[in-house]
Each structure stands twice: as C-alpha cells, then as structure tokens.
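Chains as they are written, first to last, in UniProt numbering: chain A, 1 to 550; chain B, 1 to 428.
All C-beta atoms in this analysis are idealised placements derived from N, C-alpha and C, irrespective of residue type, glycine included.
Take a look at the structure below.
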Amino acid sequence: MGDASAVARESQDKDKRYDRQIRIWGKDGQRKLETANVCLLGAGPTGSEAMKNLVLGGVSSYTIVDGTKVTERDLGNNFLMDKSSLGQSKAECCSRLLQDFNESVSGRFVAETPEQLMDAKPDFFDGFDLVLATQLTSAYQHKLCDICRKSGARVVFGRSYGLFGLVRISASEHTVVESKPDNVLLHLRVKDPWPELAEYASNFDLESLDDMTYKHVPYVVLLIKLAEAWKLGHGGNLPQGRAEQRDFKAFVRSQQRRRRGEPEGVADEGENFREAVENAHYLWSPPGVPSEISRYFADPACEEITSASSHFWVCMAAVKDFVAERSGGALPLPGSIPDMTATTDLYLDLKRLYDSKAEEDCDWVFDRAIQILSRTPGADPSALGRDYVKGFCKNCAHVKVLRFPTVRQEQEGFLGGASQSSYLQSLLLSEDTAENAFVYLMLHAADRFRQTHGHFPGKFDDGVQEDVGGVKSIVSSALSEAGLPTIPVAEEYVQELCRCGAGEIHTVAAVVGGIVAEEAIKLLTEQFVPLSGTLVYNAIRSTTLRIGKF
Amino acid sequence: MYEGGRWEDVDLVLRREGASALTGPGFEASSELVPFLRSDCRILVIGAGGLGCELLKDLALLGFGNIEVIDMDTIDVSNLNRQFLFRMKDVGQPKAVVAASRIQERVEGCTVVPHFGRIEDKPAEFYRGFHIIVLGLDSVEARAWINETACSFLEHDEEGNVDLSTVKPLVDGGTEGFKGHARVILPGITPCFACTMWLFPPQTKFPLCTLAETPRTPVHCIEWAHLIKWPKDNEMEEFDVDNVDHLGWCHREATERAKEFGIEGVTLQLVQGVVKNIIPAIASTNAIVAAACATEVLKTATMCSAGMDNYMMFMGGEGIYTHTVKYERDECCPVCSPGIFLTVQSSVTLGDLIKRISVHPKALGKVERPSVSHGTDNLYMQGPLEEATRPNLSKTLGDLLGGTGQKALAVNDKRLPRTLRVTLSVVP
Ligand SMILES: [Zn+2]
Chain A
1 MGDASAVARE
11 SQDKDKRYDR
21 QIRIWGKDGQ
31 RKLETANVCL
41 LGAGPTGSEA
51 MKNLVLGGVS
61 SYTIVDGTKV
71 TERDLGNNFL
81 MDKSSLGQSK
91 AECCSRLLQD
101 FNESVSGRFV
111 AETPEQLMDA
121 KPDFFDGFDL
131 VLATQLTSAY
141 QHKLCDICRK
151 SGARVVFGRS
161 YGLFGLVRIS
171 ASEHTVVESK
181 PDNVLLHLRV
191 KDPWPELAEY
201 ASNFDLESLD
211 DMTYKHVPYV
221 VLLIKLAEAW
231 KLGHGGNLPQ
241 GRAEQRDFKA
251 FVRSQQRRRR
261 GEPEGVADEG
271 ENFREAVENA
281 HYLWSPPGVP
291 SEISRYFADP
301 ACEEITSASS
311 HFWVCMAAVK
321 DFVAERSGGA
331 LPLPGSIPDM
341 TATTDLYLDL
351 KRLYDSKAEE
361 DCDWVFDRAI
371 QILSRTPGAD
381 PSALGRDYVK
391 GFCKNCAHVK
401 VLRFPTVRQE
411 QEGFLGGASQ
421 SSYLQSLLLS
431 EDTAENAFVY
441 LMLHAADRFR
451 QTHGHFPGKF
461 DDGVQEDVGG
471 VKSIVSSALS
481 EAGLPTIPVA
491 EEYVQELCRC
501 GAGEIHTVAA
511 VVGGIVAEEA
521 IKLLTEQFVP
531 LSGTLVYNAI
541 RSTTLRIGKF
Chain B
1 MYEGGRWEDV
11 DLVLRREGAS
21 ALTGPGFEAS
31 SELVPFLRSD
41 CRILVIGAGG
51 LGCELLKDLA
61 LLGFGNIEVI
71 DMDTIDVSNL
81 NRQFLFRMKD
91 VGQPKAVVAA
101 SRIQERVEGC
111 TVVPHFGRIE
121 DKPAEFYRGF
131 HIIVLGLDSV
141 EARAWINETA
151 CSFLEHDEEG
161 NVDLSTVKPL
171 VDGGTEGFKG
181 HARVILPGIT
191 PCFACTMWLF
201 PPQTKFPLCT
211 LAETPRTPVH
221 CIEWAHLIKW
231 PKDNEMEEFD
241 VDNVDHLGWC
251 HREATERAKE
261 FGIEGVTLQL
271 VQGVVKNIIP
281 AIASTNAIVA
291 AACATEVLKT
301 ATMCSAGMDN
311 YMMFMGGEGI
321 YTHTVKYERD
331 ECCPVCSPGI
341 FLTVQSSVTL
351 GDLIKRISVH
361 PKALGKVERP
371 SVSHGTDNLY
381 MQGPLEEATR
391 PNLSKTLGDL
401 LGGTGQKALA
411 VNDKRLPRTL
421 RVTLSVVP
C-alpha cells in the first residue's frame, strides 16, 4: 500500500519535472528515453554538453569514457569540470557533476581513452543503445562505426574544431512512424468520398436549413455537395484546369445567403464557405500516396517480408496492399479531422464518420499484416499489436526510413567516386553552400595534417603561418585530384582553421553537443526525423550545411 | 587577472590575427582582450530561465567576468528538465539569485550580480551601463520593451546618421520545442525588434461565439471555462493561471462542458497548456540557441570574428536545418529610425511643437489630432485622457522633458499609417 503510493507519487513528480518535454514527445517518448543506456566517448566540452542535455531529459544511464586528466584549460571551457578535480580523471569528474542534474539517472565512468577501448575491448560497446562519440579523428570514427554496426548500438558523432563543427549519425536503419512534420496534408476524401460520407453529405438539404445552421455546415460537406452539383452541369466531371477551378470557387461563394435587405453581391459572411474555398483544391489534387511512400512500397524490405522484418515493414507491406486492393489509391484514413466551422453536433457527427472509417481501414490493414506474418516462416503474428498498426495507419503518409552510410562509405565517396565529386563540385560552385562545403573538406585535411605532422595545424603560436601552408597544400592537392574547384575565400578559411589550433571554444562545443543531443533524442524516442548526411557548423557565419545525398 | 592556460581556447582567436574577410571590422588581435573580457566588459542577461541558464554558463566560459542577470520568476519543478543550474531543493527560490551563485561557485573569478524583479522596474540608466544586453525571454512584450529602451539611447545627427557611440547591441534568442532563433540587433544599423514585428504573428484567438455556442474541441471547452464562465461566476476575482485552485476549477468546468456536448479529451495537462499558454521546451534546443547567441556576444565585444548577419532560424524537427538571413531595417521604423529631426528651444510649448510637427513633410499632412508620448510618459493624449493631459499643451518642453538635450518622442494619429518618431534637440 505504502509502496504503491510512493510509486504513484514518483511518477507524478516525473510528469511535472518532464512536463515541458512530454508535451513534445509524449509519455511514450519519455518512457523510451528512460530506458536508454547511453555511452559518451570524450569528456571534453562537446561531449559533456551533449550528455548534459540527455541527463536533464532523463535517460536511464550514462557511461563516460575518457582517459585524460583535468587541467587548468578544462576549467575554462567545460562546465562539468571543477577545481577540486585538477589532475584527476576527467571521466570521473564529468560523471560526478552530471549526477547533480538528475538524481534518477545512474552514472558511471571508465578512465581509459576511447581509442584504447576500441583497440583492446571492442565488446565494451555491447549493451549500449546509443554511443555519443566526440572529438574522434576519422580513423577512429571508422573503427567505432564498424564495431557498433555489429553490436547494434547507434552512434552520433560530434566534433568541435575552433569555430567549426561536424555532426553525423551512423546506424544501419532507422524507421520513424511519428515523424511529426510541421505541415500535414489533410486526408479528407472529399474527391472520392466513401459511401457513408457521400450519403451523409447528400442527406443535407441546404435549402431547408435555418440561417444559423447554414453558416455552420462543415466545409467538407459543402465541398462534396457542391462538387456533385457542379458535376451535373459539367458532364459528370470535376473542375478541370485553372479557369474551371476559379469558376468553381466563385460558385461556392455564390451559395452564401445574403443578409435580408442587402443588395446582390454582398454576401453574408459564412466562415464555412471561406474554408470551403480555401480547401477546394483537395477536390482536384487530393493528397494520394506521397512519392516517398511509393518508394518505400518498392523497397526490397517491403517486397520481401521475412521473419527478421520489423513490424514497420510488415505494416508497410499491408498498407501497400490496402492501396492496391482495397481503397483504389488512397492511404488508410488517419482518423482525425481538423477543427472547422460547424455546430457542435455536425462536427461530432463528421468526426465519428471519419473515426469509424479510420478504424475500418485499420482493421483491414491489421488483418492483412497478420496474414502476411502467418504465411512468413518463423514469424510470430501474435507479437504484432493492433495499437502499433493503428499508429502506423494514423501517420502513414509521413512515415520515414533512414539508412545511414558507414563512415567508410562517406569518406571513400569523399573525393573518391565520380558521383560524389560532382555532388561536391555543385556545392563548391554554389554561392550559398561553397564556404561550408569547403569547411567540410578542410576539416578532413586537418586530420591528414595531423597524421603527417603529429599535431593539429596551428598548435604553436610561432608555427601558424607554416601550418597554413601545409593545410593549403593538402586541400589543394585533394581538390585537384578529384577535379574539384576551389572557392574565393579558401585561403582565409585555412587561416581561420590554423588560428584556432583545434581549440574547443565552449560555445561552439555547446552548439555541436546540443545538436548531438537533439539527434540522440530523435533516435531514442523514435520520433521526428534524424539528420541524414553530415552537418557542417560554421560559427563564423552562424550557418550550417547538410552534406550528403543519402 | 589573467589565469594562464585557463582561457587558452578562446584566447587563441583573440591573440592571433585572423583573416580580414572573416573577422569583424577593426579587429586587432591582442593578448589584452582576455583581460578586457575578465574585468572591463559588462554584460546583462535578461531572463534566468531555459536560455538564461545556458547564456550565463556560456558567457562565463567565454571569459566574461562581469555579468548581471535579471529575472522576476521563482524556480518551478517543471524548469528542471532544462534549467540545469537549479535543483529540486531550489524550488521556490528566485531564479536570478540561484543561477548567479551556481555560476560563481563553478567558474572562478566570474562575478554574476542577480536582480530579482521586473525589467520595467529598472531605470533606463541601469540598461545604459552595459556594453551588450542578451535576451533569453519567452515574451513578445518584454522583448518589445527592452528593444524600445535600447533604441531610446540611439542618437542621430541632423542628417539622420547614427552616432555609433550610442548603439546598444542586443543579442536575442528564443526557442519552442525543436525550433528556435538567434539574432543580433545593432539599433539604427540592423533591424530592431519593431522593424521585424511580423516575425511574431499574433496568436490565433477563437471567436467568442464558437466558445459560447458551438464548441467542438477540448480546447474550446477549456477556453470557455477560462474566458467566459470564470468572469461570470467570479466578478471580483481575476483568474490566476498559477493558482492551483483556479486551475482545478477550470479543469472541472471544462470537463463538465465537454461532457454536456459529447466532446472528449479534456485533461489537466491540456488545461494547463491552454490557460498558461505553455511553450514546450527542451534542454538541447535551448543549449544550441543560447550558445549561438553567446558566440555573437563574444564577436560583438571583441570583433574577433565576422558577426552573424543578422538572424538565424533553427529547425531541429526534420534533420537539422538552419537559415541565416539578412533582414533589412524598416527605414520608417517608429522605434529605431530618426523620423523627424527638430531643434527647439526649451521655452517652446508642447502645443507649439505639435503645430511644427504637423506641417513637417514627413508628417504627410496627417497629424491633426495626435497623441504624443516621451518614453512611457503620456504628454498629450486623445480619448479619455485628453482632458487630463490638455494642460500640458501650454507647458514648456524644458519642464515636460526634464531639461535640454536629445529627446525622442512618439507621435500617434489615427490617420498616420504608423507611429511617427520625433527626435528633438532641446536647446536652452
Ligand atoms: Zn526598428
């Protein structure tokens, strides 16, 4: 009894504590965060900031990996270092101070360098849901990417370098049902209403309605009815072409009742008629199946369901059948309608119609998904819940599939394959993207510089100009090998690269770490759309560029 | 005091020459810049909430050693998912005070002076005393107020050229969920908050007749309880969004109404969201936007790098997308443009001044029944205040404006398309 109320109180406290984020990703997203075990490589400011944001959000546990000791310089760029830890393990200090942010998160640390761990104990990474890998050079990014593709952990890489930064994700496949786009297409079926909706609309006798009700007929009904009326006078066709569409809108407007005594042309203001005109385009260009979803239908993962297929792809295959066999080209109804001008009763009637049709569509898709699983050897049909199918149907116009190339694929493509070169060439030639595409190439050159010189360019005050020359020659030979053009301010950017001597300026690290955390949250909650490709951050211009046509 | 080594990362870009195309105008690399940040440069942070906590940490770790922070709020449990300077035990304490002490504990040699109170209660001179003002606010009204204050320091010569020594830079950030913005306002040079007011469209309000007669959604039921039923039932008492009893009442009434109309989905969480107008917020977006702002503060203070020009939009919901755009000033902005420039003697009366303004070409012949204000002082008003302010018409400008010098007046008239700014040089 006492235990139960303590548990209830704790969950209430959590609801309050996480209220502002639960409003974004819901209790379901929060639960997923609260079961995630996250590993951080590198307790510098970039890594500390990334993990800080996740600990505040309430992940289950964190493990900090760093083999270096706290120095005076760390106190100046990292809020998770304190003076009492000078000379001691950075991983330990970071882990201890992170704990202050959230007592319900459990933390531990490993005082070894990430590089040592990867070389000596690659199975260390088994069991993490996510690895945040900060400040790794390209060679170890390769290595970690290979290790985690095997273990199944997803990786978010973050790198801060002076006034520049890079972020990218490595994971084999990530699917999202709740992508939560800003702009949602309405699936209203006003063009080809299903029988119950068509009947509901046709039962409205507009003439006989009193003025108050007339102004509150939902625009969905108006569009269906007026489209029918239009068809009668146009050989059974809906408005075709701009001119007819304009005429149709005028026809809708003309159906408004005039105030008593008002001359012709002065219409009563019916919000519902205004909404009907605004949404009339759904009659001639209904949303249908978005091209992205059609691509997913043709994906091998959708065409060949096996016992290893995720429920996501099973549902995709079932929806594909729904579109082909059942609905004549429409996706399952999402089962929600936007608010629109209407009386309470008319709106609720309509809402019930849409809801029950959505349930019916969902039933069909669910049955088909079960059939697919039943005829798939080794698959377990009982593992698929109807709730999941319902969620899939509700969001199916906006679901996403992301497949991230490995670090090796990206970097071999970089200056390697001809198609990648022409892509980079277009970025380097376009004014909007040239500088940040160059920054991307230049940061790779900095790693190569370190391989040959043993230190990052600009490490020593009296060697900056010499290193500028060194980086320039690496960049220009790489560019000319790949047949890529240079950019007008190339030399200035190399100067800026060497000037900051691979320093981690706190606010650049906080932006990069913040973006790393943002991506981690999207991966863990399986909501919104994670970053594909590599993001370049340029703190000089306060701009970013996403590189990659993946 | 310069602690060798501690500020190395930021000192690299301050003591080393940069490429002229990528640094700010007149940048001179110097090892004196870190000491300048440590002891001379004064920064005000407005707001100690989600952005404010991040800003204070960011500025302290860029080496700024003289920071003040102002906030009128106290700490709530729902702040703890992102306002990382606060702990459960701090709930109920003033945000500014706790935030300042946490920064001082961690970052040695950094002084943070807290101000627990409303921004409007500080005199203009308080704001004039800072090199740069950084805004971590969630309200349009507060932004507009501080923008007007910063722009009121701006002085122009008679040709309308900005006196650069009077430009008070503002760096402004804002977030909502996975979205945010960072911007730099150099009053008179880049667009001020009022120049780009359209960036903050007014919130959608429901027509009262929908709430009263045709509710369709849970939100309609909640707004009915909040906006219609409460004032009817509680004539004497204002609805207080922070009062638990009031929220509970609203929840009950909204639930009742929803039941009556057959509407589903009224929850306490939704009630709070609607009546308190809660903006969802997460740690990472605040961290990103605040850090982008703090970087601009460093650039503005030292010119070590080219400044953001002049507005960055951040969108993190679908991949990461940012758009940095150079907005243009509104040449006729009532807040930051010189408007009409007049030199007048302090013995001139307000009535005579109004006559002079009305015949000025920039008044477009549209100033007939004007209201005139000086900052927040109403000098002469139309409507219900006309009678009370009429005696001012025969008073002198010296008396009304508190002596001589440059004074900025705002003139409104129904026939004018917008407020007319009048810059007066009041001479003896
Ligand atoms: Zn302005």
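Where residue 429 of chain B and Pro338 of chain A are concerned, what is the direct C-alpha to C-alpha distance, given to the nearest angstrom? A question about residue 429 of chain B goes unanswered here, because the residues of chain B that appear run from 1 up to 428.
Under the DSSP definition of a beta bridge, which residues are partnered with Leu170 of chain B? Beta-bridge pairing links Leu170 of chain B to B:Ile133, B:Ile185.
Examine chain A for any beta-carbon lying closer than 8 Å to the beta-carbon of Met313 of chain B, and answer yes or no. By the rule that beta-carbons nearer than 8 Å mark a contact, Met313 of chain B does not touch chain A.
So with Cβ pairs under 8 Å, would you call Ile505 of chain A a contact of chain B? Put simply, the CB of Ile505 of chain A is near chain B, with a gap under 8 Å to one of its CB atoms.
Check whether the Cβ of Arg118 of chain B sits closer than 7 Å to any heavy atom of ligand 1, and report yes or no. Not one heavy atom of ligand 1 falls within 7 Å of the beta-carbon of Arg118 of chain B.
Can you tell me which of A:Ala43, A:Gln12, A:Arg17, A:Glu10 puts its alpha carbon nearest to the alpha carbon of Ala283 of chain B? If we check each option's Cα against that of Ala283 of chain B, A:Arg17 comes out closest.
Closer than 9 Å, Cβ to Cβ, to anything on chain C: give me those residues from the stretch 449-480 of chain A, in chain order. The structure shown contains no chain C; its protein chains are A and B.
Applying the criterion that 16 or more other CB atoms from any shown protein chain within 10 Å of the CB defines a buried residue, is Lys276 of chain B buried or exposed? Exposed.
Any heavy atom of ligand 1 within less than 5 Å of residue CB: hits in chain order: In chain order, the hits are B:Cys192, B:Ala194, B:Cys195, B:Cys333, B:Val335, B:Cys336.
Compare the C-beta of Ile282 of chain B with all C-beta atoms of chain A and state if any pair is closer than 8 Å. By this cut-off, Ile282 of chain B is an interface position.
Three-state secondary structure (DSSP) at residue 578 of chain A? In this structure chain A extends from 1 to 550, so residue 578 of chain A is not present and cannot be described.
Using the rule of at least 16 other Cβ atoms within 10 Å of the residue's Cβ for burial, across every protein chain shown, is Asp100 of chain A buried or exposed? Flag for Asp100 of chain A reads exposed.
Below 8 Å between beta carbons: does that hold for Thr285 of chain B and Phe178 of chain B? Annotated as proximal: Thr285 of chain B and Phe178 of chain B, with beta-carbon spacing under 8 Å.
Can a CB atom of chain A be found closer than 8 Å to the CB of Met303 of chain B? With 8 Å as the cut-off, Met303 of chain B does not count as an interface residue toward chain A.
Considering only heavy atoms of ligand 3, does any lie closer than 7 Å to the CB of Gly117 of chain B? This structure does not include ligand 3; its bound ligands are ligand 1.
Does the beta carbon of Glu3 of chain B sit closer than 8 Å to a beta carbon anywhere in chain A? With a pLDDT of only 41 at Glu3 of chain B, under 50, the local geometry of the prediction cannot be trusted, and no value is derived from it.
Arg242 of chain A and Val13 of chain B closer than 8 Å at C-beta: Contact flag unset, no.
Label residue 448 of chain B either buried or exposed according to how many other C-beta atoms from any shown protein chain fall within 10 Å of its C-beta, with 16 as the threshold for buried. As displayed, chain B neither begins before 1 nor continues past 428, which places residue 448 of chain B out of reach and without an answer.
Could you tell me the distance, in whole angstroms, from the CA atom of Leu197 of chain A to the CA atom of Val529 of chain A? Rounded to whole angstroms, Leu197 of chain A to Val529 of chain A spans 34 Å at the Cα level.
If you measure from the beta carbon of Ile70 of chain B to each beta carbon in chain A, is any gap under 8 Å? Answer no: the Cβ-Cβ gap between Ile70 of chain B and chain A never drops below 8 Å.
Integer-rounded CB distance, given that Ala358 of chain A should sit under 8 Å from Cys393 of chain A: The pair is a contact, with the Cβ atoms about 7 Å apart (cut-off 8 Å).
Return helix, strand or coil for Asp100 of chain A, following the three-state DSSP convention. The three-state reading of DSSP puts Asp100 of chain A in coil, since its state is none of H, G, I, E or B.
Are the CB atoms of Leu51 of chain B and Gly117 of chain B nearer to each other than 8 Å? No, the Cβ-Cβ distance between Leu51 of chain B and Gly117 of chain B is not below 8 Å.
Comparing the C-beta of Phe550 of chain A with each C-beta of chain B, is any distance below 8 Å? Low per-residue confidence applies at Phe550 of chain A: pLDDT is 49, beneath 50, and the placement is therefore not dependable, though the value from the model is reported in the following sentence. No, Phe550 of chain A does not count as interfacial toward chain B.
When the Cα atoms are used, what is the spatial distance from Gln272 of chain B to Phe64 of chain B? If I take the Cα positions, the gap works out to 38 Å.
Environment of Gln451 of chain A [buried if 16+ CB atoms lie within 10 Å]: By the 10 Å Cβ count, Gln451 of chain A comes out exposed.
Determine the direct distance from the alpha carbon of Ala225 of chain B to that of Gly165 of chain A, and round the result to whole angstroms. Roughly 50 Å separates the two Cα atoms.
Just to confirm the assignment, what range does the beta strand (DSSP E) spanning Gln116 of chain A have? Segment 114-120 is the alpha helix (DSSP H) holding Gln116 of chain A; no beta strand (DSSP E) there.
Inspect the CB distances between the stretch 439-458 of chain A and the stretch 176-189 of chain A and report whether three or more fall short of 8 Å. At 8 Å Cβ cutoff, the stretches do not touch.
Residues bridged to Val113 of chain B by DSSP? Under DSSP, the beta-bridge partners assigned to Val113 of chain B are B:Glu68.
Member of A:Asp205, A:Ser307, A:Val277 whose CA lies at the smallest distance from the CA of Val190 of chain A: Nearest C-alpha to Val190 of chain A: A:Val277.
Can you check whether the C-beta of Phe528 of chain A is within less than 8 Å of a C-beta belonging to chain B? Yes, because at least one Cβ of chain B sits closer than 8 Å to the Cβ of Phe528 of chain A.
Tell me the rounded alpha-carbon separation between Gly44 of chain A and Lys150 of chain A. So the alpha carbons of these two residues sit roughly 27 Å apart.
Proximity test, Cβ basis, 8 Å: Glu49 of chain A and chain B: Yes, Glu49 of chain A lies at the interface with chain B (some Cβ there is under 8 Å from its Cβ).
Taking only beta-carbon atoms, is His216 of chain A less than 8 Å away from chain B? It does: the Cβ of His216 of chain A has a partner Cβ on chain B nearer than 8 Å.
Is any beta-carbon of chain A found at less than 8 Å from that of Thr196 of chain B? With a threshold of 8 Å between beta carbons, Thr196 of chain B makes no contact with chain A.
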